[in-house]
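Step one of this worksheet: look at the structure below.
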Amino acid sequence: MRIQSLQMVHRAKASHIASALSICDIVAVLYGQVLHVDPTQPEAPGRDRFILSKGHACVAVYAALSDCGFLTADELLTYGQDGSVLMNHISHKATGVEFSTGSLGHGLPFGVGKALAAKRLRTDWNTFVLLSDGELGEGSNWEAMMFAAHHGLDNLVAVIDYNKLQSLTTVDQTLRIEPLADKFTAFGWSVREVDGHDHTALASALGSTPWIAGKPSMLIAHTTKGKGVSYMENTVKWHYSTPNAEQLAQALNELQG
Amino acid sequence: MRNAFIEELVSLATQYPHIALVVGDLGYSVVEPFADRFPDRFINAGVAEQNMTGLAAGMASEGYHVFTYSIANFPTFRCAEQIRNDVDYHRLPVTVVSVGGGLAYGALGYSHHAVQDYALMRSFPNLLIAAPGDPMEVRACMRYLAGNPQPSYLRLGKAGEPNFHTTVPDVAPGKWLKVADGVDRGDGRATLLSTGAAMGIAMGWSNAPQYRQHSVHSMPLWSMASKPDQIAAVQPFDVVETLEDHLRDGGFGSWLMEAVVGQPGVETQLRAHALTPVVCGTVGSQKILNALGGLNEQSAPGPTART
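Protein sequences, first through last, are from chains A and B. One point on numbering: in the numbering used here, the residue at position 76 of the first sequence is 76, and numbering is uninterrupted. One point on numbering: in the numbering used here, the residue at position 285 of the second sequence is 285, and numbering is uninterrupted.
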């Protein structure tokens with residue numbers, strides 16, 4: 001997935017590669033071990049719903065959808081090209097994508113609506129929403145958190161990609177969000193923390209929700225922005241920059257090690 | 001209008017099992033009949049309009065037709081991007097309902113003056129505006145929206161508006177409804193065309209000497225998609241004068257002009273009557289503020305010269 005993400009971003013001269021590398025393990029575990037989804041029935045009523053709220057990191061999800069058979073390798077080649085359904089922010093026009101985002105703070109309220117509908121319709125599928133840490137500056141997320149806890153939406157799982165770096169500098173220097181776990185707990189969520197690159201730990205946490213009946217689940221996934229490519233890790237520049245051919249070769253070399 | 005709205009909503013929810021109502025902590029003494037009868041389809045989202053609209057979109061994506069309900073600018077401007085991205089772009093069946101369109105809450109101040117809402121809502125390519133002019137049109141719009149769930153905006157007055165239609169009219173996007181013939185029949189080639197609660201003002205003006213030959217029409221449903229239909233609609237008239245309790249900029253008259261001005265075969269003279277910005281920041285009753293802004297029900301403006 002990391003290799004595919006890098007190739008897509010390089011080919012399209014796009015941005016946000018470090019954001020995508022940050023979530024590759026979370027997305028891989030979700031699609032590989034947790035989500036009940038079927039590429040032969042992408043709109044099956046009983047499927048789990050996954051929403052990428054940090055839509056700028058979409059190449060990681062497009063890669064997962066390709067690996068799972070929702071998208072073809074040829075479709076991935078169209079990423080960011082004129083007229084493509086694979087926009088540079090995640091697009092519901094791509095098979096297997098539930099919801100388009102790109103403006104932050106939209107995914108969790110939408111996921112709350114899905115989870116509430118599932119409860120009211122007495123169905124048993126779950127809704128998973130992946131958010132960024134910087135995104136928590138959007139007040140709509142906190143509105144949605146209050147609502148989800150108040151309505152006991154234990155079929156809702158939120159994952160925070162907590163790489164501690166946002167658009168201009170660190171999260172801590174931008175708008176302090178610590179103590180994060182305490183905040184979520186105070187908002188009425190069941191909270192766990194995990195190494196966001198540890199597949200076993202991710203699968204264990206994400207595969208065992210709800211952790212407390214009657215409460216929505218919040219997984220704080222500690223991650224490294226740009227994970228897997230040495231010169232991109234923990235570097236603001238790679239929120240924006242496109243790897244050139246030489247940089248791509250080095251990245252692929254590191255990943256294929 | 002509020003009463004007609006809730007009566008229709010309760011009635012339609014019996015017929016359409018996926019109608020849901022999500023309110024933004026408003027609707028005291030209005031929404032109870034729905035909440036009591038359909039508790040499983042009623043949600044108070046609290047004072048949180050962004051989440052209200054986002055979760056409405058999420059519910060709509062799972063098969064519900066969701067009516068979000070609040071007053072003035074709260075369900076529109078406060079959550080404009082949720083309407084744009086979540087509802088309109090995904091073409092989800094969410095009907096945003098605002099009570100207190102125009103200057104219905106005139107005494108409550110600028111925060112409660114909904115005089116720019118058409119400008120916002122008509123900029124969304126998939127969204128249908130429903131601006132009924134009397135309680136009969138409220139019922140007609142509700143029945144149309146329930147039968148044709150889609151991104152939509154229902155702009156209501158408050159309560160106590162008179163009926164001008166004698167029956168529930170047949171409505172469709174972009175369709176002109178005849179409300180009254182001219183007091184003096186004339187040649188039928190001049191008309192006042194209103195949307196929303198400005199219908200009452202149009203009816204008042206139709207008795208003024210300069211408008212006695214003007215018929216009165218209403219357009220309760222309109223959208224970007226129904227613009228092309230307006231070219232044929234204006235052609236039978238020499239003069240069309242629009243009325244709306246909204247600022248001229250981005251309003252209904254502007255919409256009609258964009259649709260027809262410069263189009264081949266259109267020789268109709270258009271004049272838009274709308275509120276002037278003097279109402280922004282001024283406090284007063286709806287009637288006083290409408291008059292201040294140029295829409296005096298009792299005193300029509302000078303005649304439009306016919307060419």
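No residue lacks a Cβ here, since even glycine has one placed at the ideal position from N, Cα and C. Since we're looking at a predicted model, the values are computed, not measured.
Beta-bridge pairing of residue i - partner residues as DSSP gives them
i                           : result
histidine 217 of chain B    : B:Lys178 and B:Leu193
histidine 273 of chain B    : B:Leu243
isoleucine 288 of chain B   : Answer is none; isoleucine 288 of chain B lacks a bridge partner.
phenylalanine 50 of chain A : A:Phe128
valine 97 of chain A        : For valine 97 of chain A, which the question treats as bridged, DSSP gives no partner whatsoever.
alanine 114 of chain B      : B:Gly102
arginine 192 of chain A     : A:Leu219
Interface flag, residue i vs chain B, CB-CB below 8 Å
i                            : result
phenylalanine 110 of chain A : yes
leucine 175 of chain A       : no
lysine 227 of chain A        : no
alanine 57 of chain A        : no
serine 132 of chain A        : no
glutamate 143 of chain A     : yes
serine 53 of chain A         : no
alanine 117 of chain A       : yes
serine 5 of chain A          : no
glycine 152 of chain A       : no
cysteine 68 of chain A       : no
Own chain, CB closer than 8 Å to residue i, minus 5 neighbours either side, in chain order
i                         : result
arginine 91 of chain B    : Asn126, Gln150 and Pro151
alanine 159 of chain B    : Met1, Arg2 and Asn3
aspartate 38 of chain A   : Ala44 and Arg47
valine 266 of chain B     : Ile231, Val234, Gln235 and Val260
tryptophan 255 of chain B : Tyr118, Arg122, Trp222 and Lys227
Supposed close pair residue i, residue j - CB separation, criterion 8 Å
i                         : j                            : result
glycine 137 of chain A    : leucine 168 of chain A       : With 8 Å as the limit, glycine 137 of chain A and leucine 168 of chain A do not qualify as a contact, their Cβ atoms being about 12 Å apart.
asparagine 51 of chain B  : alanine 117 of chain A       : Contact flag wrong, Cβ pair sits at about 15 Å.
threonine 68 of chain B   : valine 94 of chain B         : 6 Å
alanine 20 of chain A     : valine 59 of chain A         : 5 Å
valine 129 of chain A     : leucine 219 of chain A       : 11 Å between Cβ atoms; not a contact.
methionine 199 of chain B : phenylalanine 252 of chain B : With a Cβ gap of about 12 Å, methionine 199 of chain B and phenylalanine 252 of chain B do not count as contacting.
leucine 55 of chain B     : phenylalanine 34 of chain B  : No, leucine 55 of chain B and phenylalanine 34 of chain B are not in contact; Cβ-Cβ is about 18 Å, not under 8 Å.
glycine 293 of chain B    : valine 283 of chain B        : No, glycine 293 of chain B and valine 283 of chain B are not in contact; Cβ-Cβ is about 13 Å, not under 8 Å.
serine 22 of chain A      : threonine 185 of chain A     : That pair is no contact at about 24 Å.
Any C-beta of chain A under 8 Å from that of residue i
i                        : result
leucine 55 of chain B    : yes
serine 194 of chain B    : no
glutamine 82 of chain B  : yes
serine 61 of chain B     : yes
glycine 58 of chain B    : yes
asparagine 85 of chain B : yes
threonine 307 of chain B : Here the model assigns threonine 307 of chain B a pLDDT of 49, short of 50, so the residue's position is not dependable, and the following value carries that caveat. Chain A, which has no Cβ nearer than 8 Å to the Cβ of threonine 307 of chain B, makes this no.
aspartate 40 of chain B  : yes
Contact list for residue i against chain B, beta-carbon separation under 8 Å
i                        : result
glycine 147 of chain A   : As written in the sequence, residue 147 of chain A is phenylalanine, which differs from the glycine given in the question. Here the neighbours are Ala45, Gly46, Ala48, Asn51 and Leu55.
histidine 106 of chain A : Gly54, Glu81, Gln82, Asn85 and Asp86
leucine 121 of chain A   : Glu62 and Gly63
serine 84 of chain A     : Chain B residues near serine 84 of chain A: none, gap ~17 Å exceeds 8 Å.
serine 103 of chain A    : Glu81 and Asn85
Proximal residues of chain A, C-beta to C-beta of residue i below 8 Å
i                       : result
histidine 90 of chain B : His92, Phe99 and Ser100
Neighbouring residues, chain B, relative to residue i (Cβ below 7 Å)
i                     : result
lysine 114 of chain A : Gly58, Ser61 and Glu62
serine 140 of chain A : Gln50, Asn51 and Gly54
Residues near residue i in its chain [Cβ-Cβ closer than 7 Å; skip 5 each side]
i                         : result
tryptophan 211 of chain A : Ser190, Arg192 and Ser217
aspartate 25 of chain B   : Asn44, Gly46 and Val47
Sequence-distant residues of the same chain with beta carbon closer than 6 Å to residue i, five excluded per side
i                       : result
leucine 145 of chain B  : Thr95 and Ser152
aspartate 88 of chain B : Phe124, Asn126, Leu127 and Pro151
glycine 152 of chain A  : Gly214
Partners in chain B for residue i, counting only beta-carbon separations shorter than 9 Å
i                      : result
alanine 186 of chain A : Correct list: empty, because the minimum Cβ distance to chain B is about 17 Å.
Beta carbon proximity, residue i to chain E, threshold 8 Å
i                      : result
leucine 275 of chain B : The structure shown contains no chain E; its protein chains are A and B.
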